[in-house]
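Peer 1:
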Amino acid sequence: MNEKNIEPNEAEISETVGENRLIEEKDAVEQAAPQRKQRRLLIAVSALAFVAIAGLAAWYLLSRSNNQAGKPVPAPRSINIEQSATDTAMSGGQILTIAPEQIERAGIKTEIVGEQIASEIGGELAAGVVQANAYRETPVISLAGGIVQRISPELGKNVQSGQTVAVVFSNEFAEAQSRYVALLTEIDNARRNYERTQKLVRINQPGRTEFDQATAQLKTAGAQLEEMKKRYQRTVKLVQIGASSREELEQDTTKLRTAEAEAVAARERLARAKQLLDINPATRSESEEAANKLRNAESELASTRQKLLLYGTSPQRINSLRSASQINSEIAVPAPVSGTVTSRTVNQGEVIEANKELMRVTDLSSVWVIAQVYEKDLARLRTGSGASVTTDAYPNQVFRGQVTYIDPRLDENTRTAQVRVELENPNRALKIGMYVRVAFGSLGQAEQTAPTIPASAVQNLGNQQVVFVATSEPNVFEMRGVRLGAETNGQYQVLEGLNVGDKIVTSGSFLLRAEWLKQHPGN
2 MNEKNIEPNE AEISETVGEN RLIEEKDAVE QAAPQRKQRR LLIAVSALAF VAIAGLAAWY
62 LLSRSNNQAG KPVPAPRSIN IEQSATDTAM SGGQILTIAP EQIERAGIKT EIVGEQIASE
122 IGGELAAGVV QANAYRETPV ISLAGGIVQR ISPELGKNVQ SGQTVAVVFS NEFAEAQSRY
182 VALLTEIDNA RRNYERTQKL VRINQPGRTE FDQATAQLKT AGAQLEEMKK RYQRTVKLVQ
242 IGASSREELE QDTTKLRTAE AEAVAARERL ARAKQLLDIN PATRSESEEA ANKLRNAESE
302 LASTRQKLLL YGTSPQRINS LRSASQINSE IAVPAPVSGT VTSRTVNQGE VIEANKELMR
362 VTDLSSVWVI AQVYEKDLAR LRTGSGASVT TDAYPNQVFR GQVTYIDPRL DENTRTAQVR
422 VELENPNRAL KIGMYVRVAF GSLGQAEQTA PTIPASAVQN LGNQQVVFVA TSEPNVFEMR
482 GVRLGAETNG QYQVLEGLNV GDKIVTSGSF LLRAEWLKQH PGN
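If you read the sequence shown in the working numbering, its first letter stands for residue 2, the second for the next number, and so on.
Structural data, given as structure tokens:
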């Protein structure tokens with residue numbers, strides 16, 4: 002009885018459980034349906050947002066590339082070791098740390114990533130030659146002739162403005178100093194003579210007046226005496242014939258004696274005045290002559306002083322020059338400007354004339370490049386336009402300048418015109434006479450550059466090319482994947498992965514690769 006009752010109960014229980022499970026599954030399905038719908042909606046919205054962002058990014062990159070046409074700048078990205086070398090979505094590099102003592106043992110050397118004119122640009126680059134900037138080229142000239150006792154700087158040496166570059170033994174220099182000393186003495190004597198004559202003129206002025214007055218008085222007294230003599234003689238004759246009285250004769254006699262006395266006094270006064278003039282003989286003409294001598298001596302002294310200054314004598318040295326014992330025959334020739342000695346025309350012991358060029362000093366911080374440009378390209382060239390210069394001597398460096406002159410004359414044989422490019426010359430890298438290639442901005446050539454690295458810096462890791470970039474830590478390097486162009490003369494153009502100015506390992510990179518594989522087995 003009990004067993005019969007139990008069995009139906011178990012069946013009912015099983016049926017009930019099954020129904021409950023169906024109900025739960027149905028409820029679960031009904032509850033999951035909205036969630037699936039929400040998830041599908043979220044995925045659709047995300048996809049639309051991604052497409053929009055990708056479109057904006059593509060538009061930005063296209064517009065940016067259009068704005069910078071002809072000026073490709075490689076992205077600062079690097080290939081991940083696990084990615085393909087052709088994958089442009091490059092990720093950051095991987096860090097490699099080695100022991101500091103391994104750096105020296107491995108012979109690791111680094112270089113700065115340079116740049117080259119991009120190989121894909123159109124047009125033919127113009128050939129050019131480096132020349133000195135004529136506006137910064139100054140001759141060193143000896144203004145005095147003589148014997149070259151010393152000449153110190155050699156070709157290629159740098160000199161500073163005011164530095165003594167040569168010493169010349171010169172009679173002309175000694176004579177100029179001797180004349181300067183003599184003129185000092187002459188001026189002292191002339192000044193003393195002038196001052197003395199001025200005093201004598203002032204003293205002699207009253208004596209001259211007295212002499213003139215005495216002379217006039219003597220003439221008057223003499224005339225009166227002659228008249229009195231004639232009158233006296235006439236009165237005497239009249240008295241003898243009885244035509245005049247004795248009283249009139251006495252009056253005329255008195256007047257004659259008075260005239261004689263006045264004449265004697267006038268002669269004495271004139272004699273005294275004449276004695277004063279003999280004691281003080283200076284006249285105004287003598288004073289003027291003394292003044293002229295003083296002015297001429299002072300003028301010649303100023304001219305001689307200027308000559309000594311041109312010879313390179315300092316004002317302090319000239320002011321102290323007072324006696325013949327101070328005269329020096331050696332003249333120091335200073336450098337007029339700072340720069341590099343680019344030519345030298347004399348040696349020690351040579352006899353030179355005045356105004357002889359001894360050497361030439363050039364400021365090489367700026368140079369000219371004279372490019373030969375074909376006539377078909379001349380119409381598009383403009384002064385002031387940019388130009389880029391490269392040379393085989395520095396294959397990973399571009400020098401930038403601008404066009405400053407276009408020769409109006411055309412060479413009949415080559416059908417080219419000379420175009421002058423002026424550019425800065427950092428570290429004096431460009432040498433005079435060096436052959437270069439010139440790309441002109443107005444011809445669509447300049448500024449189309451790409452980073453370049455030596456082939457020794459590139460290592461292969463699987464199917465990828467990598468380089469090791471130096472970090473701020475001397476024993477820490479970043480292994481970075483790169484995408485390279487064709488190799489030319491041992492140099493690769495970097496299409497992606499490096500920037501100009503990055504510091505990379507160029508010697509010892511193979512050992513760094515081996516160390517990385519050692520630290521990362523299986524890669």
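Note that beta-carbon positions come from the ideal geometry of N, C-alpha and C, so glycine has one too. Being a predicted model, the structure only gives us computed values, none of them experimental.
1) Is DSSP giving Lys158 helix, strand or coil here?
2) Can you have a look at Lys231 and say buried or exposed, based on whether 16 or more other CB atoms are within 10 angstroms of its CB?
3) Please list, in chain order, all residues of the same chain as Ser245 whose beta carbon is under 6 Å from its beta carbon, the five residues on each side excluded.
4) State the start and end residues of the unbroken beta strand (DSSP E) segment that holds Lys110.
5) Considering only C-alpha positions, which residue in the set Leu97, Tyr136 and Glu116 is nearest to Thr391?
6) Given a threshold of 16 other Cβ atoms within 10 Å of its Cβ, counted over all protein chains shown, does Asn461 qualify as buried or as exposed?
7) According to DSSP, what are the bridge partners of Glu488?
8) What first and last residue would you give for the beta strand (DSSP E) that runs through Glu474?
9) Count the other CB atoms within 10 Å of the CB of Gly442; is the residue buried (16 or more) or exposed (fewer)?
10) Thr259 by DSSP, collapsed to three states: which one?
11) Considering only residues of the same chain and omitting the five flanking positions on each side of Pro475, which have a CB-CB separation below 8 Å?
12) Measuring straight from C-alpha to C-alpha, what distance separates Ser367 and Ile109?
13) Report all residues from its chain with a CB closer than 6 Å to the CB of Val168; omit the five preceding and five following residues, and keep chain order.
14) What does DSSP give as the partner residues of Arg106 in its beta bridges?
15) May I ask you to list the residues that DSSP assigns as paired with Leu97?
16) Taking the straight line between their C-alpha atoms, what separation do you get for Val362 and Val182?
17) Let me know if Pro140 comes out buried or exposed under the rule of 16 or more other beta-carbons within 10 Å of its beta-carbon.
18) Note down, in chain order, each residue of its chain lying with its Cβ closer than 6 Å to the Cβ of Val477, except the 5 sequence neighbours on either side.
19) Entirely within the region 291-377 and at least 3 residues each: give me those beta strand (DSSP E) ranges in chain order.
20) Which residue's Cα is closest to the Cα of Thr346: Glu358, Ala336 and Ser339?
21) Under the rule that 16 or more other beta-carbon atoms within 10 Å means buried, what is Gln494, buried or exposed?
22) Could you please give me the residues that DSSP links to Pro140 through a beta bridge?
23) Could you tell me whether the region 292-304 touches the region 208-221, where touching means 3 or more Cβ pairs closer than 8 Å?
24) Please go through the same chain and pick out, in chain order, the residues whose beta-carbon is closer than 8 Å to the beta-carbon of Ala355, but skip the five residues on each side of it.
25) Taking all protein chains shown into account, decide if Ser85 is buried (16 or more other Cβ within 10 angstroms of its Cβ) or exposed.
26) Have a look at Tyr395, Gly402 and Tyr375 and flag the residue whose alpha-carbon is nearest the alpha-carbon of Gly385.
27) Whole angstroms are fine: how far does the CA of Arg180 sit from the CA of Glu138?
28) Taking the straight line between their C-alpha atoms, what separation do you get for Phe400 and Glu516?
29) Helix, strand or coil for Leu23? Go by DSSP, reduced to three states.
30) So what does DSSP say about Glu176, is it helix, strand or coil?
31) Is the beta carbon of Gln466 sitting closer than 8 Å to the one on Gly482?
32) What do you reckon, are the CB atoms on Thr186 and Ala291 nearer than 8 Å?
33) Mind checking whether Asn134 and Asp364 have CB atoms under 8 Å apart?
34) Which residue marks the beginning of the alpha helix (DSSP H) containing Glu516, and which one marks its end?
35) Does any residue of chain D have a CB that is nearer than 8 Å to the CB of Ser171?
Peer 2: In brief:
1) Taking the first residue of the sequence shown as 1, we reach residue 158 at position 157. Here Lys158 sits in coil by DSSP.
2) Residue 231 sits at position 230 when you count from the first residue of the sequence shown. Exposure of Lys231 is indicated by the presence of fewer than 16 other C-beta atoms within 10 angstroms of its C-beta.
3) Taking the first residue of the sequence shown as position 1, residue 245 is located at position 244. Once the five neighbours on either side are set aside, the close Cβ partners of Ser245 are Thr236 and Leu239.
4) The residue labelled residue 110 in the question sits at position 109 within the sequence shown. Counting along the chain, the beta strand (DSSP E) containing Lys110 begins and ends at Lys110 to Ile113.
5) What you label residue 391 is simply residue 390 of the sequence shown in a count that begins at 1. Thr391 has its Cα closest to that of Glu116, out of Leu97, Tyr136 and Glu116.
6) As a working mapping, residue 461 is identified with position 460 in the sequence shown. By the 10 Å Cβ count, Asn461 comes out exposed.
7) Locating residue 488 in the sequence shown gives position 487, where the first residue counts as 1. In the DSSP assignment, the residues bridged to Glu488 are Tyr493.
8) Your numbering for residue 474 matches position 473 in the sequence shown. Element bounds for Glu474: n/a, residue is neither H nor E.
9) Locating residue 442 in the sequence shown gives position 441, where the first residue counts as 1. Flag for Gly442 reads buried.
10) Numbered from 1 along the sequence shown, position 258 holds the residue referred to as residue 259. In the three-state reduction of the DSSP assignment, Thr259 falls in the helix class, which pools H, G and I.
11) In the sequence shown, the residue the question calls residue 475 occupies position 474. These residues qualify, in order along the chain: Pro101 and Ile104.
12) Indexing the sequence shown from 1 puts residue 367 at position 366. Indexing the sequence shown from 1 puts residue 109 at position 108. One C-alpha to the other measures close to 34 Å.
13) The residue you call residue 168 lines up with position 167 of the sequence shown. Closer than 6 Å at the Cβ level, and outside the excluded window around Val168, lie Gln150, Arg151, Glu331 and Ala333.
14) As a position in the sequence shown, residue 106 is number 105, starting the count at 1. Paired residue(s): none; Arg106 is not in a bridge.
15) On the sequence shown, position 96 is the one that residue 97 refers to. DSSP lists Phe478 as partners of Leu97.
16) For this step, residue 362 is matched to residue 361 along the sequence shown. For this step, residue 182 is matched to residue 181 along the sequence shown. Val362 and Val182 have their alpha carbons spaced roughly 35 Å apart.
17) Taking the first residue of the sequence shown as position 1, residue 140 is located at position 139. With a 10 Å radius around the Cβ and a threshold of 16 neighbouring Cβ atoms, Pro140 comes out exposed.
18) In the sequence shown, the residue the question calls residue 477 occupies position 476. Taken in chain order, the residues that qualify are Thr98.
19) If only uninterrupted beta strand (DSSP E) runs of at least 3 residues are considered, those enclosed by the region 291-377 are 331-335, 340-345, 357-363 and 367-375.
20) As a position in the sequence shown, residue 346 is number 345, starting the count at 1. The shortest C-alpha to C-alpha distance from Thr346 to any of Glu358, Ala336 and Ser339 is the one to Glu358.
21) As a working mapping, residue 494 is identified with position 493 in the sequence shown. By the C-beta density criterion, Gln494 is buried, having at least 16 other C-beta atoms within 10 angstroms.
22) Indexing the sequence shown from 1 puts residue 140 at position 139. For Pro140, which the question treats as bridged, DSSP gives the partners Arg361.
23) No, the region 292-304 is not in contact with the region 208-221.
24) What you label residue 355 is simply residue 354 of the sequence shown in a count that begins at 1. Taking Ala355 as the centre and dropping the five residues before and after it, the same chain places the C-beta of Ser143, Leu144, Ala145, Gly146 and Glu173 closer than 8 Å to its C-beta, in chain order.
25) Here residue 85 corresponds to residue number 84 of the sequence shown, with the count starting at 1. Any reading at Ser85 needs caution, since the residue's pLDDT is 35, under 50, leaving its predicted position unreliable; the model's value is listed next. Ser85 is exposed by the Cβ-count criterion.
26) Here residue 385 refers to the residue found at position 384 of the sequence shown. Between Gly385 and the set Tyr395, Gly402 and Tyr375, the nearest pair of CA atoms involves Gly402.
27) Here residue 138 corresponds to residue number 137 of the sequence shown, with the count starting at 1. Here residue 180 corresponds to residue number 179 of the sequence shown, with the count starting at 1. CA-to-CA, the gap between Glu138 and Arg180 works out to about 35 Å.
28) On the sequence shown, residue 400 is found 399 positions in, with the first residue counted as 1. On the sequence shown, residue 516 is found 515 positions in, with the first residue counted as 1. If I take the Cα positions, the gap works out to 37 Å.
29) Here residue 23 refers to the residue found at position 22 of the sequence shown. Note that Leu23 scores 41 on pLDDT, short of 50, meaning its location in the model is unreliable; the coordinates nonetheless yield the value given after this. Residue state, collapsed to three classes: helix.
30) Mapped onto the sequence shown, residue 176 falls at position 175. Note: Glu176 maps to helix in three-state DSSP.
31) Your numbering for residue 466 matches position 465 in the sequence shown. Your numbering for residue 482 matches position 481 in the sequence shown. Between Gln466 and Gly482, the gap from beta carbon to beta carbon is short of 8 Å.
32) Numbered from 1 along the sequence shown, position 185 holds the residue referred to as residue 186. Numbered from 1 along the sequence shown, position 290 holds the residue referred to as residue 291. No, these two residues do not count as a Cβ contact at 8 Å.
33) Taking the first residue of the sequence shown as 1, we reach residue 134 at position 133. Taking the first residue of the sequence shown as 1, we reach residue 364 at position 363. It is a contact, given that the beta carbons lie within the stated cut-off.
34) The residue given as residue 516 occupies position 515 in the sequence shown. Per DSSP, Glu516 belongs to the alpha helix (DSSP H) from Ser510 to Gln520.
35) Here there is only one protein chain, and chain D is not present.
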